[in-house]
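Top to bottom, those sequences are chains A and B. Take the first sequence: its letter number 387 is residue 394 in the working numbering, and every next letter is one higher. Take the second sequence: its letter number 13 is residue 46 in the working numbering, and every next letter is one higher. Have a look at the structure below, then the notes.
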Amino acid sequence: MLNAKIPAGPLNTKWEDYKGHCKLVNPANKRNLEIIVIGTGLAGASAAASLGELGYKVKAFCFQDSPRRAHSIAAQGGINAAKNYQNDGDSVYRLFYDTVKGGDYRSREANVHRLAEVSGNIIDQCVAQGVPFAREYGGLLSNRSFGGTQVQRTFYAAGQTGQQLLLGAYSALERQVALGNVTQYSRHEMLDIVKIDGKARGIIARNLITGQLERHFGHAVLICSGGYGNVFFLSTNAMGSNVTAAWKATQTGAYFANPCFTQIHPTCIPVSGDHQSKLTLMSESLRNDGRIWVPKKKDDNRKSSDIPEDERDYYLERRYPAFGNLVPRDVASRAAKERCDAGYGVGTSKQAVYLDFAAAIERYGSIEANKRQMHGVSKEEIIKLGKEVVAEKYGNLFDMYAKITGENPYETPMRIYPAVHYTMGGLWVDYELQTTVPGLYSLGEANFSDHGANRLGASALMQGLADGYFVLPYTIGNYLADEIRVKAIPTDHPAFAEAESKVRDNIAKLMSIKGTKSVDFFHKKLGKIMWDKCGMARNEQGLKEAIEEIKVLRGEFYKDVRIPGDENEFNPELEKAGRVADFLELGELMCIDALNRRESCGGHFREESQTEEGEAKRDDENFSYVAAWEYKGPSDYVLHKEPLVFEEVKPTQRSYK
Amino acid sequence: MEHYNMNLTLKVWRQKNKNAQGNFETLQAKNISSEMSFLEMFDVVNEELINEGKEPVAFDHDCREGICGMCSMHINGRAHGPWDGTTTCQLHMRAFKDGDTITVEPWRAGAFPVLKDLTVDRTAFDRIIEAGGYVSVNTGNAQDANNIPIEKHKADLAFAAAACIGCGACVAACKNSSAMLFVSAKVSQLALLPQGQPEKRTRALNMVAQMDKEGFGSCTNTGACEAECPKEISLTNIARLNREFINAGFTSEK
Ligand SMILES: Cc1cc2nc3c(=O)[nH]c(=O)nc-3n(C[C@H](O)[C@H](O)[C@H](O)COP(=O)(O)OP(=O)(O)OC[C@H]3O[C@@H](n4cnc5c(N)ncnc54)[C@H](O)[C@@H]3O)c2cc1C
Ligand code: SF4
Ligand code: FES
């Protein structure tokens with residue numbers, strides 16, 4: 008039975024109580040304790056910096072050429088916090104409630120409440136670091152709305168919020184590097200975890216420039232390696248995002264939780280051809296002002312501007328009047344798929360819907376004209392003013408859209424379609440963020456986290472920074488307090504040698520295949536299986552087929568992949584091959600998990616389980632649990648359940664009508 | 034937008050590793066769609082090379098959204114290629130036509146040694162940030178965020194400076210290989226904000242000292258950096274850095 012170690016007592020005092028009673032490590036002992044941090048995204052950089060400040064000896068790893076390039080940099084829209092600066096009824100409880108409900112009642116109450124409690128501190132910390140959030144004319148911070156909420160609690164820096172938050176955490180990290188508390192290992196990829204007497208005690212990493220394998224000791228290891236959305240090949244994630252670090256943890260005994268919970272984001276630029284290497288998100292913040300529609304007539308080939316107002320179907324506003332265009336992502340994505348499958352899609356591929364700013368441009372234009380006390384202004388002038396306002400809010404997103412599609416979104420509505428974006432599943436962790444392997448922790452998107460079956464917009468940045476700045480620095484002390492007598496273990500210990508030779512053999516095996524097809528060939532094939540059969544809608548037959556197809560594909564991969572160059576040099580194809588090898592195992596587990604969960608919840612839509620109106624139908628009686636999978640070997644997994652207990656929030660069928 | 038396909042000739046810099054001699058290699062890029070990004074064009078070329086049993090061209094990239102700062106190609110003599118305000122990954126093949134020859138090189142600068150083909154080592158930028166590109170505030174030290182009101186205009190300027198993605202195009206574009214635009218962007222961001230005031234003197238001095246130590250050249254105000262910067266970081270930041278630096282020199286008590 009999995010023990011999540013949730014502190015006793017009322018929900019709103021659990022974290023205070025925990026902090027008041029957890030064990031501490033004194034400063035002199037901290038200097039002798041070493042911590043390895045895998046990943047320098049928001050979760051890893053904030054953790055490494057904070058642990059360095061506390062006096063621990065930290066080693067931080069990332070595979071890019073600099074910690075500042077972690078995928079977090081690409082987050083656009085914003086970060087939530089229960090500050091209630093807008094006086095619109097927000098509170099810690101409401102953020103907690105929205106997140107549990109948004110996650111379709113598949114997350115742990117205690118974790119989510121803690122997240123909401125520390126959310127305000129994150130904004131304070133970031134502002135203190137000099138993060139330039141958007142501000143109002145009075146000099147105070149500005150907010151906007153995101154999906155699944157009715158308050159304005161999202162802080163942002165134009166469409167570059169992730170960049171600004173990460174550069175804040177990165178600068179704190181670099182300061183610790185300068186002070187000698189953190190050693191940075193860029194262009195290094197962690198390829199295995201070293202376990203000694205059942206505890207995580209270090210890693211094997213490959214220096215990506217020289218190809219050399221290195222051994223690193225740590226009293227504890229933190230996996231902050233991000234999400235695994237790239238298992239689908241096409242996603243909004245950065246090209247290098249992968250599951251390898253988390254998967255190696257799984258292979259060493261950490262359980263992997265809810266792998267099938269993936270988030271398909273409703274507003275992305277549609278696929279334009281076979282050459283496509285990734286998909287680009289158009290931030291959810293656009294749904295603040297953009298209206299989503301398709302023609303009322305099937306197979307309508309008219310230009311958008313030729314379709315009159317009363318022949319447009321604003322289907323989100325029609326189906327969900329209370330939340331309108333701001334329904335949660337899973338709901339918006341399915342609604343888009345439903346319209347396109349029914350034959351109402353737009354564009355050449357018919358796999359797209361419109362996101363239209365014409366109304367917002369006019370509305371903002373009139374407001375602006377009023378503000379400037381202009382009278383009798385022409386429509387053109389209003390539109391010009393409106394475009395300026397929209398450009399200030401979303402300029403960089405509009406530019407990006409124009410560069411990619413060659414179309415001007417100020418003039419014609421954007422075409423958008425859902426795409427894989429985020430993974431709620433990940434390494435199972437307890438309340439202290441510890442995996443099932445003692446001394447092995449996981450933070451950020453890499454853990455199965457606080458988002459249940461669906462993450463609300465602007466909550467991933469919040470969670471990553473909460474974990475790294477304000478949660479782990481406390482909870483890790485509770486473990487390390489008992490480790491102060493453990494001296495750094497020399498890396499000639501047999502466990503290190505064994506782990507290194509395992510990694511070496513793995514690489515040699517991949518290099519020796521010398522087949523005929525590129526790594527991408529297999530990755531694309533896997534992606535197609537996953538998208539078709541474990542994507543926006545899933546059913547028993549499809550999942551069973553997918554499991555068999557992935558097994559066959561894995562066999563072909565190990566027979567026929569071709570990796571040029573050799574292992575003792577900079578070799579991006581070899582890096583990719585290792586990652587795809589792990590995706591080929593993870594993909595199968597995702598399907599196994601999706602098959603096991605015979606209910607629909609959040610982003611997991613089982614066609615067999617829907618209401619008459621086509622909404623997701625949960626089955627609380629049978630599936631109100633976290634599915635944590637233990638790895639026994641390829642295709643061999645054991646399910647462990649963590650029952651979810653709701654003391655504060657009553658699970659109901661979610662309604663955004 | 035009309036789509037078209039094209040055949041191109043690429044002259045690409047190939048270099049086995051840091052110590053090897055490099056040279057240009059001519060490669061053919063066939064059947065390239067105008068809808069592809071520049072890096073997707075390279076994906077196609079690399080796939081072909083792999084199928085022919087040859088080594089693909091190594092290049093840095095990650096987000097492919099113009100924000101991580103990883104991509105770094107010098108294309109037909111321009112850092113990040115022909116489009117203004119655009120990273121290599123956001124450059125699309127619409128910018129080229131059938132039959133074009135495209136020359137692709139890595140960033141050229143002594144402080145950015147080539148690691149392989151089009152990949153260079155930019156860790157010097159990390160070390161410049163280490164020298165002072167931060168506000169010294171430990172986790173937990175902060176006051177309520179709205180206790181520090183900031184004039185919107187200044188906040189906007191700070192944000193514009195903070196938009197730097199650390200790609201290094203400014204260095205590659207500069208005949209002196211100066212890193213002034215990069216350094217000035219960070220110094221400006223923090224100098225414009227109240228949070229940056231306590232360390233403003235040491236920051237400017239230390240970051241500039243580190244820049245010199247890394248072997249970046251000096252700034253002679255040619256403006257080439259601003260012209261090639263994908264985030265359109267303004268030259269006025271360099272002017273601000275110079276002011277900060279001079280003031281710091283006058284008032285430094287060390
Ligand atoms: C386009 C886009 C926009 C988004 N916008 C928002 C938004 O507006 N608001 C929001 O809340 N969320 C948003 N998200 C989600 C959010 O950005 C991510 O969930 C979050 O940033 C993940 O942070 P992280 O620290 O967990 O991981 P990442 O930032 O992905 O960092 C992973 C780190 O791990 C390292 N790493 C991985 N594997 C290894 C290995 N084997 N060895 C060594 N290092 C390794 C990498 O180098 C990297 O440093 C967005 C996501 C995308 C794709
Ligand atoms: S100033 Fe511009 S060119 Fe230079 S590193 Fe920053 S973004 Fe790149
Ligand atoms: S790949 Fe990230 S900026 Fe180009």
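Ideal placement from N, C-alpha and C gives every residue a C-beta, glycine not left out.
**Study point:** Beta-carbon neighbours of Ala365/A, restricted to chain B and to distances below 7 Å
**Key:** Taking the first sequence and counting its residues from 1, one reaches residue 365/A at position 358. Proximity of chain B to Ala365/A at the Cβ level (cut-off 7 Å) is not reached, the minimal Cβ distance being about 20 Å.
Check your understanding: Taking any Cβ of chain B, which residues in the stretch 110-138 of chain A have a Cβ under 9 Å from it, in chain order?
Key -> If you check each beta-carbon in the stretch 110-138 of chain A against every beta-carbon of chain B, the ones closer than 9 Å belong to Gly127, Asn128, Ile130, Asp131, Gln132, Cys133, Val134, Ala135, Gln136, Gly137 and Val138.
Exercise for review: Using only the heavy atoms of ligand 3, determine whether one of them is closer than 7 Å to the beta carbon of Met197/A.
Suggested key: As a working note, residue 197/A is residue 190 in the first sequence. Answer for Met197/A: no, Cβ out of range of ligand 3.
Exercise for review: Give a yes or no on contact between the stretch 542-561 of chain A and the stretch 588-608 of chain A, applying the rule of three or more CB pairs nearer than 8 Å.
Suggested key: Yes, since at least three Cβ pairs between the stretch 542-561 of chain A and the stretch 588-608 of chain A fall closer than 8 Å, the two stretches touch.
Review point. Hey, is the stretch 356-369 of chain A in contact with the stretch 387-394 of chain A, meaning 3+ C-beta pairs nearer than 8 Å?
Key: Short answer: they touch.
Exercise for review: Could you tell me the boundaries of the beta strand (DSSP E) in which Trp435/A lies?
Suggested key: In the first sequence, residue 435/A corresponds to position 428, counting from 1. Element bounds for Trp435/A: n/a, residue is neither H nor E.
Practice item. Answer with buried or exposed for Gly99/B, where buried requires no fewer than 16 other C-beta atoms within 10 angstroms of its C-beta. Key: As a working note, residue 99/B is residue 66 in the second sequence. Classification of Gly99/B: buried, given that the 10 Å Cβ count is 16 or more.
Review point. Under 8 Å Cβ-Cβ, which residues of chain B neighbour Leu147/A?
Key: Residue 147/A sits at position 140 when you count from the first residue of the first sequence. Around Leu147/A, the beta-carbon contacts reaching into chain B at under 8 Å are Asn179 and Pro182.
**Study point:** Cross-chain neighbours of Ile216/A in chain B, by beta carbon under 7 Å
**Key:** Taking the first residue of the first sequence as position 1, residue 216/A is located at position 209. Correct list: Leu148.
Point to revise | Cutoff 6 Å; reference Tyr417/A; Cβ partners in own chain excluding five residues on either side | key: Stepping through the first sequence from its first residue, residue 417/A is reached at position 410. Contacts found: Lys394.
Exercise for review: Mind listing the chain A neighbours of Thr121/B? Cutoff is C-beta to C-beta under 8 Å, in chain order.
Suggested key: Here residue 121/B refers to the residue found at position 88 of the second sequence. Neighbours of Thr121/B on chain A: none; closest Cβ ~12 Å, over 8 Å.
Practice item. Show which residues of chain A have a CB atom less than 7 Å away from the CB atom of Arg47/B. Key: Walking along the second sequence from the start, residue 47/B turns up at place 14. None at all; the shortest Cβ gap to chain A is about 13 Å.
Point to revise | Secondary structure of Asn38/B, DSSP reduced to three states | key: As a first step, residue 38/B must be located in the second sequence, where it is residue number 5. When DSSP states are grouped into helix, strand and coil, Asn38/B belongs to the strand group.
**Study point:** Lys26/A at chain B interface by Cβ criterion, 8 Å
**Key:** For the purposes of this step, residue 26/A is identified with residue 19 of the first sequence, where counting begins at 1. Against chain B, the CB of Lys26/A has no partner CB under 8 Å away; the residue lies outside that interface.
Practice item. Just the chain A side, please: which residues come within less than 8 Å of Thr156/B by C-beta, in chain order? Key: Position 123 of the second sequence, counting from 1, holds the residue named residue 156/B. The contact set of Thr156/B on chain A, defined by CB atoms closer than 8 Å, consists of Asp72, Ser73 and Ser193 in chain order.
Practice item. Look at Asn461/A and Gln660/A and say whether their C-beta atoms are less than 8 Å apart. Key: Along the first sequence, one-based indexing puts residue 461/A at 454. Along the first sequence, one-based indexing puts residue 660/A at 653. Contact flag unset, no.
**Study point:** Close-in-space but distant-in-sequence residues of the same chain around Lys531/A (CB under 8 Å, 5 per side omitted)
**Key:** In the first sequence, residue 531/A corresponds to position 524, counting from 1. Closer than 8 Å at the Cβ level, and outside the excluded window around Lys531/A, lie Phe240.
Exercise for review: Find the nearest neighbour of Ala77/A within the set Gly451/A, Trp636/A and Gly166/A, judged by alpha-carbon distance.
Suggested key: On the first sequence, residue 77/A is found 70 positions in, with the first residue counted as 1. It is Gly451/A.
Practice item. Grab the span of the alpha helix (DSSP H) containing Asn214/A for me, first residue to last. Key: Taking the first sequence and counting its residues from 1, one reaches residue 214/A at position 207. DSSP places Asn214/A in no alpha helix (DSSP H) but in the uninterrupted beta strand (DSSP E) bounded by Lys206 to Asn214.
Review point. In this structure, does DSSP put His458/A in helix, strand or coil?
Key: In the first sequence, residue 458/A corresponds to position 451, counting from 1. Reduced to three states, the DSSP call for His458/A is coil.
Practice item. Note down the Cα distance separating Ala62/B from Ser105/B, rounded to an integer number of angstroms. Key: As a position in the second sequence, residue 62/B is number 29, starting the count at 1. As a position in the second sequence, residue 105/B is number 72, starting the count at 1. Those two C-alpha atoms are separated by around 19 Å.
Practice item. Would you check if the stretch 410-424 of chain A and the stretch 247-264 of chain A touch, i.e. whether three or more CB-CB distances between them fall below 8 Å? Key: With the cut-off at 8 Å, the stretch 247-264 of chain A and the stretch 410-424 of chain A do not touch.
Practice item. Could you name the residues of chain B that Leu593/A contacts, counting a contact when the two beta carbons are closer than 8 Å? Key: In the first sequence, the residue the question calls residue 593/A occupies position 586. At a C-beta separation below 8 Å, Leu593/A has no neighbours in chain B, since its nearest C-beta there lies roughly 20 Å away.
**Study point:** Proximity test, Ser466/A beta-carbon vs ligand 1 heavy atom, cut-off 7 Å
**Key:** Numbered from 1 along the first sequence, position 459 holds the residue referred to as residue 466/A. Remark: the shortest separation between the CB of Ser466/A and any heavy atom of ligand 1 falls under 7 Å.
Exercise for review: Quick one: grab the DSSP three-state call for Leu9/A.
Suggested key: Locating residue 9/A in the first sequence gives position 2, counting from the first residue. The DSSP-derived three-state label of Leu9/A is coil.
Exercise for review: Rounded to whole angstroms, what's the CA-CA distance from Pro497/A to Gly225/A? Just pull it up for me.
Suggested key: Taking the first sequence and counting its residues from 1, the one referred to as residue 497/A is at position 490. Taking the first sequence and counting its residues from 1, the one referred to as residue 225/A is at position 218. Using only the alpha carbons, I get a separation of about 10 Å.
**Study point:** Amino acids of chain A, ordered along the chain, whose beta-carbon sits closer than 7 Å to that of Asn38/B
**Key:** The residue labelled residue 38/B in the question sits at position 5 within the second sequence. Contacts between Asn38/B and chain A, judged by CB atoms closer than 7 Å, are missing: the closest CB pair is about 11 Å apart.
Review point. Along chain B, which residues have their Cβ under 9 Å away from the Cβ of Thr287/A?
Key: One-based indexing of the first sequence puts residue 287/A at position 280. Near Thr287/A (Cβ distances below 9 Å), the residues of chain B are Arg97 and Glu98.
Exercise for review: Kindly indicate which three-state DSSP category Lys287/B falls into: helix, strand or coil?
Suggested key: Taking the first residue of the second sequence as 1, we reach residue 287/B at position 254. For Lys287/B, the predicted structure reports a pLDDT of 48, less than 50, and the residue's modelled location is therefore unreliable. A value from the coordinates is still provided. For Lys287/B, the three-state secondary structure derived from DSSP is coil.
Exercise for review: Step through the CB atoms of chain A and report whether any lies within less than 8 Å of the CB of Arg236/B.
Suggested key: Here residue 236/B is taken as the residue at index 203 of the second sequence, counted from 1. Under the Cβ criterion of 8 Å, Arg236/B is not counted among the residues facing chain A.
**Study point:** Helix, strand or coil at Asp337/A according to DSSP, with G and I counted as helix
**Key:** As a position in the first sequence, residue 337/A is number 330, starting the count at 1. If DSSP states are grouped into helix, strand and coil, Asp337/A belongs with the helices.
Review point. With burial defined as no fewer than 16 other Cβ atoms inside 10 Å of the residue's Cβ, what is the status of Glu73/B: buried or exposed?
Key: Looking up residue 73/B in the second sequence gives position 40. It counts as buried.
Practice item. Please list, in chain order, all residues of the same chain as Val216/B whose beta carbon is under 8 Å from its beta carbon, the five residues on each side excluded. Key: Working through the second sequence from its first residue, we reach residue 216/B at position 183. Excluding residues within five positions, the ones whose Cβ falls inside 8 Å are Ile161, Met240, Val241, Met244 and Leu274.
Review point. Is Gly102/B close to chain A, meaning its C-beta is less than 8 Å from at least one C-beta of that chain?
Key: As a first step, residue 102/B must be located in the second sequence, where it is residue number 69. Closer than 8 Å to some Cβ of chain A, the Cβ of Gly102/B qualifies, so yes.
Point to revise | Segment contact flag, the stretch 133-153 of chain A with the stretch 171-184 of chain B, C-beta cutoff 8 Å, min 3 pairs | key: The stretch 133-153 of chain A, when compared against the stretch 171-184 of chain B, does touch it at the 8 Å Cβ threshold.
Review point. On the three-pair Cβ rule with 8 Å, is the stretch 46-55 of chain A touching the stretch 230-245 of chain A?
Key: The stretch 46-55 of chain A makes contact with the stretch 230-245 of chain A: 3 or more CB pairs, one atom from each, lie closer than 8 Å.
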